[in-house]
Amino acid sequence: MIVLPDDVRAARQLVAVSGHRNDADTARAGLAHPDESVRATALGALARIGALHADLLEHHLFPRTEPSPLVRRRAAELSAGLANVALLGALHDPDWSVVEMACWATGEHEVADDATLERLIRLGREHEESLVREAAVAALGAVGDPRGLPTIIAATRDRAPVRRRAAVSLAPFDEPEAENALRELLTDRDWQARQIAEDLLDARPSVDAPTDSA
50 MIVLPDDVRA ARQLVAVSGH RNDADTARAG LAHPDESVRA TALGALARIG ALHADLLEHH
110 LFPRTEPSPL VRRRAAELSA GLANVALLGA LHDPDWSVVE MACWATGEHE VADDATLERL
170 IRLGREHEES LVREAAVAAL GAVGDPRGLP TIIAATRDRA PVRRRAAVSL APFDEPEAEN
230 ALRELLTDRD WQARQIAEDL LDARPSVDAP TDSA
């Protein structure tokens, strides 16, 4: 059994190096260290080795088994690479930074079950932290489910960073209301939102394009 030193700096260094030496035992020992930074580093080391799995990540995703928001955020970030990690619970985390990262990871999965989709929709509309709303809107765009479209369109009237993200998130949708929202963004007071909308509209096939006659 590997016992890491009590000194946080020394323990963290050993755990970090273990990820480069394919030393899974030392990395796993870091998960039990009392310091949150060592545990977060241990998750990263295991990811580098290829020894992370869904059950392990989920253990460090929830407050009942992992008290540190720093570690839960790192677990959510690393969940992006494992499509079988259930992120719905992390989308309800009391710490907004964990919720933001869970939104991003869900978007990286590019799929969401009904409950997860409903949570993203609510976060995109109602969360008090704009970074969470922005991340939720980005995830809805990545998932591409039409049920998320009204929330993305509503986000085009949010703060400027959220409006920009909403413009990008409209790209996968070919519904008329998505195009209308992009056209409204052409007059947005934020130049980046206007530019994104213009670029996306220019990339869309024209409905008036001539067709070859038979």
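Counting in my numbering, the sequence shown runs from 50 upward without gaps. Ideal Cβ positions, reconstructed from N, Cα and C, are used throughout, including at glycine.
- Here residue 157 is not near residue 184, since their CB atoms are 8 Å or more apart.
- When DSSP states are grouped into helix, strand and coil, residue 236 belongs to the coil group.
- Linking residue 71 to residue 170 through their CA atoms gives a straight-line distance of about 40 Å.
- Boundaries of the alpha helix (DSSP H) around residue 199: 198-204.
- Per DSSP, reduced to three states, the secondary structure at residue 146 is helical.
- Note on residue 51: under 16 other CB atoms within 10 angstroms of its CB, so exposed under the neighbour-count rule.
- Under the criterion of beta carbons closer than 8 Å, residue 242 and residue 209 qualify as touching, at roughly 7 Å.
- Counting only residues of its own chain and dropping the five nearest sequence neighbours on each side, residue 235 has a CB closer than 8 Å to the CB of 243, 246, 247 and 250.
- Rounded to the nearest whole angstrom, the CA to CA distance from residue 122 to residue 207 is 25 Å.
- For residue 180, the closest of 149, 83 and 141 by C-alpha to C-alpha distance is 149.
- With respect to residue 64, residue 76 sits close: the two C-beta atoms are nearer than 8 Å.
- In this structure, residue 197 sits near residue 166, with a CB-CB distance shorter than 8 Å.
- A Cβ-Cβ contact shorter than 8 Å links residue 201 with residue 190.
- Beyond the five residues adjoining it in sequence on each side, residue 132 comes within less than 6 Å, by CB distance, of 158 in the same chain, given in chain order.
- Around residue 146, the same chain offers 122 as residues with beta carbons nearer than 6 Å, after the five sequence neighbours per side are excluded.
- Within 10 angstroms of the beta-carbon of residue 142 lie 16 or more other beta-carbons, which makes it buried.
- Within the segment 100-186, complete alpha helix (DSSP H) segments of at least 4 residues are found at 103-108, 118-127, 145-158 and 163-175, given in chain order.
- For the pair residue 164 and residue 155, the CB atoms are not nearer than the 8 Å cut-off.
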